[in-house]
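Chemist:
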Amino acid sequence: MDKIIALCKRRGFVYPGSEIYGGFGNSYTYGPYGAELKKNIKDLWWQTFVQNREDVVGIDADIILHPKTWEASGHVGGFNDQLVDCKNCQARFRADHLVEDALGQDCEGLPDEEVTKIIKDNNLKCTKCGKTDLSDVRKFSQMFSTQMAKTGAGATAYLRPETAQAMFLEYKNILDSMRVKLPFGIAQQGKAFRNEITPGNFIFRRLEFEQMEIEYFIREEQWKEVFEAWLGRMKDWCDTIGLKAEHVHELEHAQEKLSHYSKRTVDLEFDFPFGKKELYGLAYRTNFDLTQHQEHSGKKLEYFDDATGERFIPHVIEPTWGLDRTILAVLCEAYTEEKLEDGSERTVMKITSKLAPVKVAILPLMKKDGLSEKAHEIFKDLQSLGNCEFDKSGAIGKRYRRQDEIGTPVCVTVDYDTLEDDTVTIRDRDTMKQERIKISELKNLVRERYFA
Ligand code: ATP
387 MDKIIALCKR RGFVYPGSEI YGGFGNSYTY GPYGAELKKN IKDLWWQTFV
437 QNREDVVGID ADIILHPKTW EASGHVGGFN DQLVDCKNCQ ARFRADHLVE
487 DALGQDCEGL PDEEVTKIIK DNNLKCTKCG KTDLSDVRKF SQMFSTQMAK
537 TGAGATAYLR PETAQAMFLE YKNILDSMRV KLPFGIAQQG KAFRNEITPG
587 NFIFRRLEFE QMEIEYFIRE EQWKEVFEAW LGRMKDWCDT IGLKAEHVHE
637 LEHAQEKLSH YSKRTVDLEF DFPFGKKELY GLAYRTNFDL TQHQEHSGKK
687 LEYFDDATGE RFIPHVIEPT WGLDRTILAV LCEAYTEEKL EDGSERTVMK
737 ITSKLAPVKV AILPLMKKDG LSEKAHEIFK DLQSLGNCEF DKSGAIGKRY
787 RRQDEIGTPV CVTVDYDTLE DDTVTIRDRD TMKQERIKIS ELKNLVRERY
837 FA
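Add 386 to a position in the sequence shown, counting from 1, and you land on the number used in the numbering used here.
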């Protein structure tokens, strides 16, 4: 992990946020290549699950929704972690993590008093200072609240802890404006905020992160088959973004551990360097959310089936993808150290071409003698393939190594022969093989070989 974090900073993928002030609350900034990678993932997801599907439409809602949303959804009062403080050094822990790490016991969902008893009976220590002076367990809301300038009942508002709820709020507008018929989905990408007690593992657990979610509305009797279908699509997605099947695992949640709204939940876990952890989730949310919003808003949220004349509240299957965890999984899967034939070593990010932050790097062998100008012409021409980079400074070997670490699938080198015969060298990131190609054939060849 340390090597990946160092590469991310060195090569402009992810910087520690607010670094000049000493960092702040596990915040991060996606640097130029991280921002490109993130955008490529979002675009590919939107294309796969919204544009290429006839049964899914997308929305883009506000982060701050009507506060009643979170009462209806059960988040106010219910979206809590169990917190325990060290009275000696003031460190704070999630009680379930403390117990799990010390005893290997899963105490998620147990009442506060029972978890307190487990901690006391087993004399559990603060993992920071080693003292056993731990507080009783108490609830800590994961929702960030904020005060609105306007007065009245709506004064306290929340930063959304998930993107899902807006899809339920807009379900009726979508029905009325989009001529959709069951089954159909509403998709959204965007920021979510959670006041995590123990953020960490780089960008894995953050206070501010992005989600990509779909609420897929169905008839109740369809749920098993639709659930399986979405599980399949989520695994296909993992394959598309280059995660190896042997690194992705299904975790079926035990019935007694399910969230209040769910009848079945399966997580897709990924083998991160710090362990097997949740990457994505798939939940059957029943008709809990729409029923709640109907009750709290007083607005009818039924679906009318004009073929059968039935009126009912649809059920929902929810596939959810964490964007930051996707980025981390892609980076971890791509990170490769190789020993070369000449005894030297290289680090290469084997990011799948579709997601690579730089598609093609164009490198003049020398800055002078018209090579730069020629290379720049090629760079302008290749830009229609996606984000290209023109780099003319430093030794060519060093420039290749830099592009390897960024994950650029192919480099194009312009040398003195180029000026004579209009050919260039292309170098493949993974095999490091070099080939001489006519400039007139370059764009098609690169497009077909790497981006088709
Ligand atoms: P965890 O058990 O790791 O806290 P969760 O089960 O609470 O996660 P969900 O509520 O199912 O997470 O959220 C959907 C997705 O959002 C997760 O699968 C994950 O990819 C992402 N996610 C959730 N919390 C965070 C966070 N604090 N930082 C980054 N991504 C997150």
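Virtual Cβ for every residue (Gly too), placed ideally from N, Cα, C.
#1: List the endpoints of the continuous alpha helix (DSSP H) containing Arg439.
#2: Considering only the beta carbon of each residue, do Lys760 and Val734 sit closer than 8 Å?
#3: Would Asp498 and Arg480 be called neighbours here (beta carbons separated by less than 8 Å)?
#4: What's the gap between the Cα of Gly586 and the Cα of Leu489?
#5: In or out: Ile450 buried (at least 16 other Cβ within 10 Å) or exposed?
#6: Is Asp429 near the ligand ATP, in the sense that its beta carbon is under 7 Å from a heavy atom of that ligand?
#7: Three-state secondary structure (DSSP) at Gly844?
#8: The alpha helix (DSSP H) that contains Tyr557, what's its start and end?
#9: Is any non-hydrogen atom of the ligand ATP found closer than 7 Å to the C-beta of Asp507, if you look at the structure I gave you?
#10: Since Thr794 contacts Ala747 with CB under 8 Å, what's their CB separation in whole angstroms?
#11: Counting only the same chain and skipping the five closest in sequence on each side, list residues whose C-beta sits under 6 Å from that of Asp562.
#12: Based on DSSP bridge pairs, tell me the residues matched to His646.
#13: Which of the three DSSP states is assigned to Gly756 in this structure?
#14: So, Lys511 versus Thr502, is the Cβ gap smaller than 8 Å?
#15: Specify the secondary structure class of Asn466 as computed by DSSP and reduced to three states.
#16: Does the segment 759-773 come close enough to the segment 814-822 that 3 or more CB-CB pairs lie under 8 Å?
#17: Are the CB atoms of Asp710 and Phe595 within a distance shorter than 8 Å?
#18: Across the segment 459-473 and the segment 527-534, are there enough close Cβ pairs to call them in contact, namely three or more that are closer than 8 Å?
#19: Would the segment 768-775 count as touching the segment 648-668 if we require 3 or more Cβ pairs under 8 Å?
Modeler: Concretely, from the data shown:
#1: Element bounds for Arg439: n/a, residue is neither H nor E.
#2: Lys760 is not a Cβ neighbour of Val734, given a cutoff of 8 Å.
#3: One thing to note: Asp498 has its Cβ no nearer than 8 Å to the Cβ of Arg480.
#4: Here the C-alpha atom of Gly586 lies approximately 21 Å from the C-alpha atom of Leu489.
#5: Around the CB of Ile450, fewer than 16 other CB atoms lie within 10 Å, so the residue is classed as exposed.
#6: No.
#7: There is no way to answer for residue 844, as the model of the chain reaches only from 387 to 838.
#8: Counting along the chain, the alpha helix (DSSP H) containing Tyr557 begins and ends at Tyr557 to Met564.
#9: No; taking the cut-off as 7 Å, the Cβ of Asp507 has no heavy atom of the ligand ATP nearer than that.
#10: Between Ala747 and Thr794 the Cβ distance is about 5 Å, and since that is below 8 Å, they are a contact.
#11: Excluding positions up to five away in sequence, the list is empty.
#12: Answer by DSSP bridge pairing: none, since His646 is not bridged.
#13: Three-state result, Gly756: coil.
#14: Contact flag unset, no.
#15: Reduced to three states, the DSSP call for Asn466 is strand.
#16: Taking a cut-off of 8 Å on C-beta distances, the segment 814-822 does not touch the segment 759-773, as fewer than three cross pairs fall below it.
#17: Contact annotation: Phe595 and Asp710 have beta-carbon atoms nearer than 8 Å.
#18: The segment 527-534 and the segment 459-473 touch, with three or more beta-carbon pairs separated by less than 8 Å.
#19: The segment 768-775, when compared against the segment 648-668, does not touch it at the 8 Å Cβ threshold.
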